[in-house]
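Numbering (the working numbering), first residue to last: 380 to 684.
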């Protein structure tokens, strides 16, 4: 969702707002990302197979928000400048396309992490992994691979569209062919959003089941955090799904997107993901009181640490 470089004072205000909002959540999550890399250990614990996915999600979140802030800085320079700089405008579009790619990869990683928590909770309490847990795990891997392939596809099409169907600063030079190409991109992005939304519904169902099953166990805190994290993921994916259906699949409305949509995108999508990651840091800690998860063979949950 690249920001428009036109719109006068309104564009200036919204550009500043969305850049600041992106920077705030980036700064808030960064310390937890660094702590996660140092403190959240995986080892060979079957209950903690989610940890590498969580660490990857932390890193990609920092990269994604860093790219978004960089795009905001480029836009601000162009909007507040008295002269037009075509190379900055062109760079802003390409940075926006890179952001879209990493945003989707981030969603895929968070989805795998949340799917992994379900068998992780099961193994932490019972010390076993059943066939259903394996089905969940490998289905999550397969869907993540599909989502990332779709992201690669529409990133390539976006770059091709920018280079071959526009004048590199946002104006389509081949009307019919350019319109068809951007429609293809929109369909791919919408399909990705729909897949992630359906996955988030399944994850929420798993987290509700885990909470009901373990509300009286030593894993009660972990199951509560899992439920909260899944609801935050559902909020993020529902917004992306609604955006895809309302703006991407209805081509006539693409040029009518209000400025506040990007503000909503940062708050409903990235802020919810940021809070999700912060909560998840405590799930990955080896502490019962903090809501941590690990195998009973490593540390028994009956003995709180």
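Positions of the beta carbon are idealized from the N, C-alpha and C atoms, including for glycine.
A quick note: this is a predicted structure, and the numbers were derived from the prediction, not measured.
>> Can you find the residues in the same chain that come closer than 8 Å, C-beta to C-beta, to residue 545, ignoring five residues on each side of it along the sequence?
In response: 551, 552 and 557
>> Can you tell me where the alpha helix (DSSP H) holding residue 593 begins and where it ends?
In response: 554-593
> Along the chain, where does the alpha helix (DSSP H) that runs through residue 646 open and close?
Replying inline: Premise fails: residue 646 is in no alpha helix (DSSP H) and is neither H nor E.
>> Alpha carbons only, please: which of 497, 628 and 613 is nearest the one belonging to residue 593?
In response: 497
> Are the beta-carbon atoms belonging to residue 401 and residue 475 less than 8 Å from one another?
Replying inline: no
>> Please tell me whether, using a cut-off of 7 Å, the distance from the CB of residue 515 to the nearest non-hydrogen atom of the ligand NAD is below it.
In response: The ligand NAD is not among the ligands present in this structure, which contains no ligands whatsoever.
> residue 584: buried (16+ other C-beta within 10 angstroms of its C-beta) or exposed?
Replying inline: exposed
> Where does residue 545 fall in DSSP's three states?
Replying inline: strand
>> Quick check on the DSSP output: the alpha helix (DSSP H) that includes residue 636 runs from which residue to which?
In response: Per DSSP, residue 636 belongs to no alpha helix (DSSP H) and is neither H nor E.
> In its own chain, which residues sit with a C-beta less than 8 Å from the C-beta of residue 646, not counting the 5 before and 5 after it?
Replying inline: 400
> Among all the DSSP beta bridges, which residues are the ones paired with residue 551?
Replying inline: 545
>> Let's test the definition: count the other Cβ atoms within 10 Å of the Cβ of residue 430 and tell me whether it reaches 16, buried, or not, exposed.
In response: buried
> Which residue from 628, 617, 636 and 602 puts its Cα closest to that of residue 662?
Replying inline: 602
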